Amino acid sequence: MAPDAIVAEELAYWYGELVAVDHINFNVAEGEILGFLGPNGAGKTTTVKMLTGQLKPKAGRAMLLGMDVAHYPQKVQGEIGVCFENTNLYERMSALENLRLFARLFGVRSFDAYALLERVGLAGREKDRVENYSKGLKQRLMVARALVSRPQILFLDEPTSGLDPTSAEAIRNIILEERERGATIFLTTHDMMEADKLSDRVAFMNQGKIVALDTPHNLKQQYGRRALKAEVSNESGELEMREITLDTPRTPEAIHELFAQEKVVTIHSEEATLEDIFIKLTGRRLTE
Amino acid sequence: MNFRIIRALVAKDLSLFFRNRFYALVTALGIVTYITIYLVMPGSVDEKLEIGLYAPVVPPVLEQLPEEGVEIQAVESEEALIEAVIEGQYAAGMALPADIMDKFASGQKPQITLYFHADAPEEVKDAVEFLIRELAYLQTGQPLAIETSVEILGRDMLGEQIPPRDRMRPLLALALIMFETMGLASLISEEVEQGTAEALLVTPTRVGDLFAAKGLMGVGLAFAQAVFFMAIVGGVSSQPLIILTTLLLGAVLVTGAGFLIASLSKDMMSVMAWGAVVIIIFVIPAFGIMFPGTISGWVKVIPSYYLADTIHQAANFGAGWGDVWSNLLILLGFNLVIVWGGIMALRRKFE
Numbered sequence: 001m002a003p004d005a006i007v008a009e010e011l012a013y014w015y016g017e018l019v020a021v022d023h024i025n026f027n028v029a030e031g032e033i034l035g036f037l038g039p040n041g042a043g044k045t046t047t048v049k050m051l052t053g054q055l056k057p058k059a060g061r062a063m064l065l066g067m068d069v070a071h072y073p074q075k076v077q078g079e080i081g082v083c084f085e086n087t088n089l090y091e092r093m094s095a096l097e098n099l100r101l102f103a104r105l106f107g108v109r110s111f112d113a114y115a116l117l118e119r120v121g122l123a124g125r126e127k128d129r130v131e132n133y134s135k136g137l138k139q140r141l142m143v144a145r146a147l148v149s150r151p152q153i154l155f156l157d158e159p160t161s162g163l164d165p166t167s168a169e170a171i172r173n174i175i176l177e178e179r180e181r182g183a184t185i186f187l188t189t190h191d192m193m194e195a196d197k198l199s200d201r202v203a204f205m206n207q208g209k210i211v212a213l214d215t216p217h218n219l220k221q222q223y224g225r226r227a228l229k230a231e232v233s234n235e236s237g238e239l240e241m242r243e244i245t246l247d248t249p250r251t252p253e254a255i256h257e258l259f260a261q262e263k264v265v266t267i268h269s270e271e272a273t274l275e276d277i278f279i280k281l282t283g284r285r286l287t288e
Numbered sequence: 289m290n291f292r293i294i295r296a297l298v299a300k301d302l303s304l305f306f307r308n309r310f311y312a313l314v315t316a317l318g319i320v321t322y323i324t325i326y327l328v329m330p331g332s333v334d335e336k337l338e339i340g341l342y343a344p345v346v347p348p349v350l351e352q353l354p355e356e357g358v359e360i361q362a363v364e365s366e367e368a369l370i371e372a373v374i375e376g377q378y379a380a381g382m383a384l385p386a387d388i389m390d391k392f393a394s395g396q397k398p399q400i401t402l403y404f405h406a407d408a409p410e411e412v413k414d415a416v417e418f419l420i421r422e423l424a425y426l427q428t429g430q431p432l433a434i435e436t437s438v439e440i441l442g443r444d445m446l447g448e449q450i451p452p453r454d455r456m457r458p459l460l461a462l463a464l465i466m467f468e469t470m471g472l473a474s475l476i477s478e479e480v481e482q483g484t485a486e487a488l489l490v491t492p493t494r495v496g497d498l499f500a501a502k503g504l505m506g507v508g509l510a511f512a513q514a515v516f517f518m519a520i521v522g523g524v525s526s527q528p529l530i531i532l533t534t535l536l537l538g539a540v541l542v543t544g545a546g547f548l549i550a551s552l553s554k555d556m557m558s559v560m561a562w563g564a565v566v567i568i569i570f571v572i573p574a575f576g577i578m579f580p581g582t583i584s585g586w587v588k589v590i591p592s593y594y595l596a597d598t599i600h601q602a603a604n605f606g607a608g609w610g611d612v613w614s615n616l617l618i619l620l621g622f623n624l625v626i627v628w629g630g631i632m633a634l635r636r637k638f639e
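Chains V and F, in that order, are what the protein sequence lines are. Sequential numbering from 1 applies to the first sequence in my numbering. Sequential numbering from 289 applies to the second sequence in my numbering.
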């Protein structure tokens, strides 16, 4: 088993009376993608800020690559790449200048900015000022900037939010490539489908606490309800829905009855989504 | 502090400063405008009080006037005298009656008419009136029963008054570098507003590196502009080392002020608003130098007083280290307080 790249131990933070992060514990193995899910105000951003050294925990500790972030923020930050939710690029500079600036800050000596820009689909726009980019292009540049130092840990906050399908797919591919390279990825997102597709494990955060943490498959097994959904045609030719819950003693009999007694038009299996599981666990929707 | 990081940030800030069309344009225009103002201002001072005189009969005493300070020029008629005064040709006009000598002889009081332009200063009116009375006493053989002795406290500027443009030099230099407070504050404020500071601070860049870079850029820009201006207007020909030291301390002062403005501001508009307030306060001392006597001692609580006064003393009177060391020491003290306060206020904003 790979050693842990990220360890949070009793990590807590509060703003006055408001507890933003309430003594959470988790770990992320090297080369793993952890999807970090939760509605607005759940404490995700505060957690990321503590992990990236922007906030000092009020209690507990965050360890990245074996180093306590609060004690060695500079060392830790030399090994991580952060892609923020909101675009924060130097808009009056070109993509090339933005990347070269960050390469100098990281002390990266051999660095091919053109190759990186090509990788994120910005070839041919390298020297254009960022202020002339679309949101999708800016987001690609944000991801490229996070990759400048070939980080061991990558923090991505809503990297595909509001993007066109092509840009979103390009960024998802880069995330998977980075995992292949061996990087650990901490992916904060609202997009359940994205988390399901990309993450090795997902953590659900609600009101400052982690309410579930496992692989998407295990979570669905544990909390979800599998079913068959069928469209049948009645005597007057109208379509009606039939649902058969799977994994019960009566399931085989129910399926047999369906085909024997009804005129089945369509049939498909259905499993719980992460959204369903989140609602089941917290009573809230992720997009609240 | 990481010098590699600071160097990269300074290069980035300089590049961004000159890509901001507003600040780039205002900086260039500022230098050109201030140099132009300096060059079009009078380069010499006319210290003589010119008085027009219409006198059908000239009393002998008028020929005994001292050579320095007053020059009396005869005109042909009272109408011509009035016209010349209205046109500003003379500071005052004096019309003597034709029977002035007869009236002196008979002990009567001759009627002398003095003409002044509507906006003639009160002190010129008083001086001319006093001059006439004294001449009258002399003419009638009754000089005033007093002896006056004149002692100039400080340097006697008679015959070597400072030309208006040189008197204005500290104001122009101060106004030029003060504008950098807004440029610097705007860069810092933009960095917070657009979230780029957050992006920098998750790299190995520390808050201290960020401040050092901003400080170096602010000091460098303000100092370079001030030195360029002073070199063009001849301000470093006298006591260059003192002038350069003073300008450097001035550049540090405006950088500290820029930090404070940035800590108070949320966007470009608030930078402009706070910047305008600080600039107005900081240029007040220079007006005191341009127009002596207009500002009282309280002006010394404004840090820029020590900057403007030192430039004035060194550039215009050739004052040495012995004359200005206290000014420089006070300016340094103000700098330490303002820069420290600015950094503390900004640190809270960044964290």
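Beta carbons: idealized from backbone N, C-alpha and C, even for Gly. Treat the numbers as computed from the prediction; the structure is a model and nothing was measured.
Secondary structure in the segment 373-443 of chain F: the beta strand (DSSP E) runs of 3 residues or longer, each lying completely within the stretch, are 380-383 and 401-404 in chain order. Here DSSP, grouped into helix, strand and coil, assigns Y322 of chain F to helix. Contact annotation for A312 of chain F against chain V: no contact, minimum CB-CB distance about 11 angstroms [criterion: below 9 angstroms]. For I465 of chain F, not one C-beta of chain V is nearer than 8 angstroms to its own C-beta.
In this structure M205 of chain V is buried. Its beta-carbon is surrounded by 16 or more other beta-carbon atoms within 10 angstroms. Note on W562 of chain F: 16 or more other CB atoms within 10 angstroms of its CB, so buried under the neighbour-count rule. DSSP places V143 of chain V within a helical segment (H, G or I) once states are collapsed to three. For secondary structure counted as the beta strand (DSSP E) over 3 or more consecutive residues, the segment 591-638 of chain F holds no complete run.
Judged by pairs of C-beta atoms under 8 angstroms, the segment 563-577 of chain F touches the segment 457-468 of chain F, as three or more such pairs exist. In the three-state reduction of the DSSP assignment, V69 of chain V falls in the coil class, being assigned neither a helical nor a strand state. Between the alpha carbons of W609 of chain F and I530 of chain F lies a gap of roughly 7 angstroms.
With its beta carbon less than 8 angstroms from one in chain V, G483 of chain F belongs to the interface. In this structure I244 of chain V is in contact with A227 of chain V, their Cβ atoms being roughly 6 angstroms apart against a cut-off of 8 angstroms.
For I520 of chain F, same chain residues with a beta-carbon under 6 angstroms away, outside a window of 5 residues either side, are I323 in chain order.
Scanning V:Q77, V:Q74, V:V143 and V:Y72 for the CA closest to the CA of N98 of chain V turns up V:V143. R226 of chain V is bridged by DSSP to nothing; it lacks a bridge partner. The Cβ-Cβ distance between L548 of chain F and G621 of chain F does not fall below 8 angstroms. Contact with chain V is absent for V298 of chain F, since none of that chain's Cβ atoms lies less than 8 angstroms from the residue's Cβ. Under the three-state reduction of DSSP output, A8 of chain V falls in the strand class. Using a Cβ distance threshold of 8 angstroms, A424 of chain F and F404 of chain F do not count as a contacting pair. Contact annotation for I476 of chain F against chain V: no contact, minimum CB-CB distance about 14 angstroms [criterion: below 9 angstroms]. Excluding five sequence positions before and after E131 of chain V, the CB atoms of its chain that fall closer than 7 angstroms to its own CB belong to E91 and R92, given in chain order. Proximity to G340 of chain F across F:V363, F:I319 and F:A510 peaks at F:V363, based on C-alpha coordinates.
Under the 8 angstroms criterion on CB atoms, T315 of chain F is classed as non-interfacial with respect to chain V. Looking at the backbone, the Cα of Y311 of chain F and that of G546 of chain F are separated by about 14 angstroms. By the neighbour-count criterion, in which a residue is buried when 16 or more other Cβ atoms sit within 10 angstroms of its Cβ, T493 of chain F is buried.
Close partners of T52 of chain V in chain F (Cβ separation under 7 angstroms): V490. Sequence-ordered contacts of the segment 130-156 of chain V with chain F are nonexistent [C-beta pairs closer than 7 angstroms]. Buried is the label assigned to E178 of chain V, since at least 16 other Cβ atoms lie within 10 Å of its Cβ. V19 of chain V and V589 of chain F have their C-alpha atoms some 46 angstroms from each other.
Using a Cβ-Cβ cut-off of 8 angstroms, R636 of chain F does not count as an interface residue toward chain V, since no Cβ of chain V sits closer than that to its own. L297 of chain F and T189 of chain V have their C-alpha atoms roughly 32 angstroms apart.
Shown here, T189 of chain V sits in a strand according to DSSP, grouped into three states. Each of V:S236, V:G237, V:V232 and V:A195 was checked against the Cα of L219 of chain V, and the nearest Cα belongs to V:A195. Secondary structure of M329 of chain F (DSSP, three-state): coil. Looking at the DSSP output, H256 of chain V shares a beta bridge with no other residue.
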